[in-house]
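Written out below as structure tokens is the structure these notes cover.
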Amino acid sequence: MHQLEVGVTFHLLKLNKMQHNRRDFIKYAATAGGGLLLGFNILTPKRFSSAVITADAEGALSFNAYLSINVDGTATIFSPNPESGQGIKTSFPMTVAEELDMDWKLVKVAQAPLDSKRFERQVAGGSGSTPHSWKRLREAGATARQMLMEAAAKRWQVPLSSLTTEKGKVLHKATNRQLTYGALATEAAQLTPPKNVTLKDRKDFKIIGTFVSGVDNQAITTGKAIYGLDFKREGMLIAMLQRPPAFGLKLKSFDGAAAKAMPGIVDVVSFSNKVAVVGKTTWEVKKAREAVKIEWEKDETLENTSDHNRIFKELMNSDKAEVRRKNGDTEGVFKTAAQVVEAEFQCPFLPHNAMEPMNFFADVQGDKAELIGPTQNPGSNRDQVAKLLNIPKENVSVEMTRMGGGFGRRLNSDFALEAAELSSLIKKPVKVMWTREDDMAGGIYRPACRYRFRMALDKNNAIIGYEQRGVGINAGDATRGGNNFPSGAIPNVLIDSVNHKSPITTGPWRAPITNFLAYAEQAFLDEVAEKMGKDPVQMRLDLLDNAKKNPTGDIKYDIDRFRKVIETVAEKANWGKKSKDIYQGFSVYFSHNSYVAQIADVVLEKKQPVLKKVYCAIDCGILVNKSGALNQAVGSIVDGLGHAMYGNMTFKDGVAEQNNFNTYRMIRINEVPEVEVHFVDNGIDPTGLGEPVLPPLGGAVANAFYKATGKRIRQQPFINEENTLLEKFL
Amino acid sequence: MALYTLKINGKNYKTDVAEDTPLLWVLRDHIGLTGTKYGCGIASCGACTVHIDGQAMRSCVMPVSTIAASKITTIEGLSEKGDHPLQKAWDEKDVSQCGYCQTGQIMTAAALLKTNPKPSDTDIDNALAGNICRCGTYHRIKEAVKLAAKK
Numbered sequence: 000m001h002q003l004e005v006g007v008t009f010h011l012l013k014l015n016k017m018q019h020n021r022r023d024f025i026k027y028a029a030t031a032g033g034g035l036l037l038g039f040n041i042l043t044p045k046r047f048s049s050a051v052i053t054a055d056a057e058g059a060l061s062f063n064a065y066l067s068i069n070v071d072g073t074a075t076i077f078s079p080n081p082e083s084g085q086g087i088k089t090s091f092p093m094t095v096a097e098e099l100d101m102d103w104k105l106v107k108v109a110q111a112p113l114d115s116k117r118f119e120r121q122v123a124g125g126s127g128s129t130p131h132s133w134k135r136l137r138e139a140g141a142t143a144r145q146m147l148m149e150a151a152a153k154r155w156q157v158p159l160s161s162l163t164t165e166k167g168k169v170l171h172k173a174t175n176r177q178l179t180y181g182a183l184a185t186e187a188a189q190l191t192p193p194k195n196v197t198l199k200d201r202k203d204f205k206i207i208g209t210f211v212s213g214v215d216n217q218a219i220t221t222g223k224a225i226y227g228l229d230f231k232r233e234g235m236l237i238a239m240l241q242r243p244p245a246f247g248l249k250l251k252s253f254d255g256a257a258a259k260a261m262p263g264i265v266d267v268v269s270f271s272n273k274v275a276v277v278g279k280t281t282w283e284v285k286k287a288r289e290a291v292k293i294e295w296e297k298d299e300t301l302e303n304t305s306d307h308n309r310i311f312k313e314l315m316n317s318d319k320a321e322v323r324r325k326n327g328d329t330e331g332v333f334k335t336a337a338q339v340v341e342a343e344f345q346c347p348f349l350p351h352n353a354m355e356p357m358n359f360f361a362d363v364q365g366d367k368a369e370l371i372g373p374t375q376n377p378g379s380n381r382d383q384v385a386k387l388l389n390i391p392k393e394n395v396s397v398e399m400t401r402m403g404g405g406f407g408r409r410l411n412s413d414f415a416l417e418a419a420e421l422s423s424l425i426k427k428p429v430k431v432m433w434t435r436e437d438d439m440a441g442g443i444y445r446p447a448c449r450y451r452f453r454m455a456l457d458k459n460n461a462i463i464g465y466e467q468r469g470v471g472i473n474a475g476d477a478t479r480g481g482n483n484f485p486s487g488a489i490p491n492v493l494i495d496s497v498n499h500k501s502p503i504t505t506g507p508w509r510a511p512i513t514n515f516l517a518y519a520e521q522a523f524l525d526e527v528a529e530k531m532g533k534d535p536v537q538m539r540l541d542l543l544d545n546a547k548k549n550p551t552g553d554i555k556y557d558i559d560r561f562r563k564v565i566e567t568v569a570e571k572a573n574w575g576k577k578s579k580d581i582y583q584g585f586s587v588y589f590s591h592n593s594y595v596a597q598i599a600d601v602v603l604e605k606k607q608p609v610l611k612k613v614y615c616a617i618d619c620g621i622l623v624n625k626s627g628a629l630n631q632a633v634g635s636i637v638d639g640l641g642h643a644m645y646g647n648m649t650f651k652d653g654v655a656e657q658n659n660f661n662t663y664r665m666i667r668i669n670e671v672p673e674v675e676v677h678f679v680d681n682g683i684d685p686t687g688l689g690e691p692v693l694p695p696l697g698g699a700v701a702n703a704f705y706k707a708t709g710k711r712i713r714q715q716p717f718i719n720e721e722n723t724l725l726e727k728f729l
Numbered sequence: 000m001a002l003y004t005l006k007i008n009g010k011n012y013k014t015d016v017a018e019d020t021p022l023l024w025v026l027r028d029h030i031g032l033t034g035t036k037y038g039c040g041i042a043s044c045g046a047c048t049v050h051i052d053g054q055a056m057r058s059c060v061m062p063v064s065t066i067a068a069s070k071i072t073t074i075e076g077l078s079e080k081g082d083h084p085l086q087k088a089w090d091e092k093d094v095s096q097c098g099y100c101q102t103g104q105i106m107t108a109a110a111l112l113k114t115n116p117k118p119s120d121t122d123i124d125n126a127l128a129g130n131i132c133r134c135g136t137y138h139r140i141k142e143a144v145k146l147a148a149k150k
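Just so you know, the sequences run in chain order A and B.
Taking numbering that gives the first Met the number 0, I'd label the letters of the first sequence as residues 0 to 729.
Taking numbering that gives the first Met the number 0, I'd label the letters of the second sequence as residues 0 to 150.
The following block contains the structure:
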């Protein structure tokens, strides 16, 4: 249990309240009772470097992470990455502590303030937190360990090579002497960090790869963890904004007099097509916002979901598609093909629905801006706020609170910009809060997309050509580069995309694009396998064989890692060997640098299909925290299942038709199937786990559903008026 | 505006608020107890769950004027040292990801265990079906409730 951690977080917030810049933080951390403060860089393209940080803080600003060896024998790791629930606040320090040879119980963790000058990657997104920092976290731990050993060697006048470390102590076994890191920290701070360090052999890992409970668990379960909505500052005002109620409308006029006269209301102001009601407490502000009279006017097209369905059909036949991949001559082979398999798949917009609605605090005073809140992308927040207010980036500070989910929504800066603009307008510290309705109906969404797949087979049922067209509403490239499997395994390939520009705002949503593309592709390959008369698992393995023996064009995936997850899940789920009343569906996908294969088991109960179990095999490289990894994996399966089954956001005249959990269905605890996860251990450095388990899930489930019912599902949400067979599926 | 005396976690709090103010916002904005979370405002997600005289209730739709002398327990008052069997089980099973919904999950589960100390899987499902977790930690929530029930 890491109770001290909460103290550190609060302490930082307190420190920030008094003097909120990073230099002050560093000075404070360097002087807080002696010891060793090592600065190092992670998440940057630069080579690892480190230095001892002293109270004058010179040079300290070029680092973005810090490791403090405290005189009491504890270590504090200041990690700069935003915690969105992916568990890095636990796994990062585990990685440092491993190389440091520290007792995990003596490690404290705190969020480092944003480097306002030179930080580069401080983002929680793209499943990149662990892959981008893994090696440098280890180097930092190893550097501090070596300095502590050097300090002991000096004190005892013994050769460095005669020393070992264990659980936060340096040992001289020959003379049976030992010193804690705390006792050596201040002396170590006098030394220069070594340029090169040796990292542990994997077989010596004691912390990495174990089950470790989250460092914030105690704070979370007692209600003490501070999320953005919980953050409070003396004199802080609360604001809610009335944004255009439809995509495509703009503000014409407003009358805030009645609202302003209501109790607790300080001001009603307008900026950037929005009306802000500012007051003292949430409820007063919420009620007053309803009393503002606003007229909106049409600015752009007010789109309907039915328009999108029509647009999709038009774009499917557009001759203006952007080619994303072209190998050989698909036009030719499709003309001569003995058989062509074709299917189309469509998905709706999806809101992110992080449980904590968007919010951000800003205090803009003169040419300085202080921002505090839940964000996946503090650097972008800072840059955009600096640009908006026309002040230097160095004058903008961004502090991160804990975040009640991100899923890509908090990669955007809209909420931070609103807070900054409003604070600069009213010249007061203010927190902008979104209600659930604001959050769900106010964008930004996973784009709606439609795909058409075509596969050409020759007279021997061999695959000779593959075409994929992705069309989307503000989706950009709906094919995500077109470089994924089965590209590389087929001689003639054409992958292209067409985009429709819409006033409806879209953006990254957990596993961007692949969150639906994977399902569509994997459901289609299942149809192809059936037409070929092949087992779906064997069909994938044969394609991979092809990719190895006769590769076509650029291949982004590793064929052996791909194969291994397929074989693992097939073995664990007893693929092809189960009793006839268990219907299995298979899916495999490579995305965000990791490999995931899944098999779903469906049974019929009173002729109704029921999803019983999901098997999953994952290759994401070395696991840092097994507990966190398993939690991510199972959570992604639940998340993928819920959104495949129910997720649906529709529009009428530009207005989101679902705006809260009574009209937008989320998966519940009584609907989750049994889940069995296996990790493939191959000793490769971590490649990311926040996203890749979600994409293939829909495919495995839809393919199993087909086996049980003979009906193909070709759209999300799975549940709709036409598919009544799914009522008791979960 | 009206003056209310609320019994929260064994203490009396005086607060002067409009009578339609939901208990959630009284707790969060006026009393300073922020462990009870806002998720939907329409009793559809369970993040705001507190106990009113021992029963799990959604504080986001409960006007302060309806509470009268009822005893309110929030997550901050569930146990003195954060060591309620459920809180310990939540750590042991490492349930949380983002953690935002978990105080509501725990409060709902705590009310269940009070009336049903040995709940079946279906009992747990029924009791917690009103609490959404967007991170999808439902499996571990179930395990943690069962673990706490054993102790």
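Every residue gets a Cβ at the ideal spot worked out from N, C-alpha and C, and that includes glycine.
The shortest CA-to-CA distance from A/M439 to any of A/S212, A/T505 and A/K500 is the one to A/T505. Annotated three-state conformation of A/I617 is strand, per DSSP. For the region 617 to 637 of chain A, the beta-carbon criterion of a distance under 8 Å to any beta-carbon of chain B is satisfied by S626, G627, N630, Q631, V633, G634, S635, I636 and V637. In this structure A/Q521 touches A/S586 by the C-beta definition: roughly 4 Å separates them, less than 8 Å.
For A/F348, no chain B residue has a Cβ inside 8 Å of its Cβ, as the nearest lies near 17 Å away. In this structure, A/A141 and A/L198 form a Cβ contact; the two beta carbons are roughly 6 Å apart against a cut-off of 8 Å. Residue-level contact by beta carbon fails for A/Q189 and chain B, as no gap is shorter than 8 Å. With respect to chain B, the C-beta atom of A/R667 has a partner C-beta closer than 8 Å. Between the region 575 to 589 of chain A and the region 623 to 631 of chain A there are fewer than three inter-stretch CB-CB distances shorter than 8 Å, so the stretches are not counted as touching. When 7 Å is used as the limit between beta carbons, A/I219 is near these residues of chain B: S95, G98 and Q101, in chain order.
The region 497 to 514 of chain A and the region 457 to 476 of chain A touch, with three or more beta-carbon pairs separated by less than 8 Å. Under the Cβ criterion of 8 Å, B/G9 is not counted among the residues facing chain A.
Beyond the five residues adjoining it in sequence on each side, A/K166 comes within less than 6 Å, by CB distance, of D102 in the same chain, given in chain order.
Using a CB distance cut-off of 8 Å, B/T48 does not count as an interface residue toward chain A. Nearest CB-CB separation between A/A224 and chain B: below the 8 Å threshold. Taking the C-beta atoms as reference points, A/A258 is found nearer than 8 Å to A/V267.
In terms of Cα proximity to A/D382, the closest of A/M261, A/V157 and A/A419 is A/A419. Judged by beta-carbon spacing, A/T185 lies beyond the 8 Å limit of A/G405, meaning their Cβ atoms are not closer than that value. Per DSSP, reduced to three states, the secondary structure at A/A141 is helical. At a cut-off of 8 Å between beta carbons, A/A353 contacts chain B. For a Cβ distance threshold of 9 Å, residue set Q96 and C97 of chain B lies close to A/S83, ordered along the chain. Contact residues of the region 665 to 695 of chain A toward chain B are M665, R667, I668, N669, V671 and V674 (C-beta to C-beta distance below 7 Å). The alpha-carbon of A/L693 is positioned some 27 Å away from that of A/S501.
Flagged as an interface residue toward chain A: B/Y137, by a C-beta distance shorter than 8 Å. Distances from the alpha-carbon of B/Q86 to those of B/A68, B/I71, B/T107 and B/G135 put B/T107 closest.
A/P608 has A/L603 as its beta-bridge partners, per DSSP.
Taking the Cα of A/K392 as reference, the smallest distance to any Cα among A/G407, A/E369 and A/A188 is reached at A/E369.
A/Y518: not part of any beta strand (DSSP E); member of the alpha helix (DSSP H) spanning T513 to M531, first to last residue. Beta-bridge pairing by DSSP links A/W295 to A/L250.
Per DSSP, the continuous beta strand (DSSP E) segment holding A/Q364 begins and ends at N358 to Q364. Contact annotation: A/G227 and A/N358 have beta-carbon atoms nearer than 8 Å. Neighbours of B/A128 in chain A, taken as residues at a C-beta separation under 7 Å, are given in chain order as R667, I668 and N669. Contact holds between the region 611 to 623 of chain A and the region 668 to 688 of chain A, because three or more Cβ pairs, one in each stretch, are under 8 Å apart. Burial check for A/P550: the Cβ neighbour count within 10 Å stays below 16, so the residue is exposed. Around the beta-carbon of A/R201, fewer than 16 other beta-carbon atoms lie within 10 Å, marking it exposed. Counting only Cβ-Cβ distances below 8 Å, A/L610 has no contacts in chain B at all, with the closest Cβ about 14 Å away.
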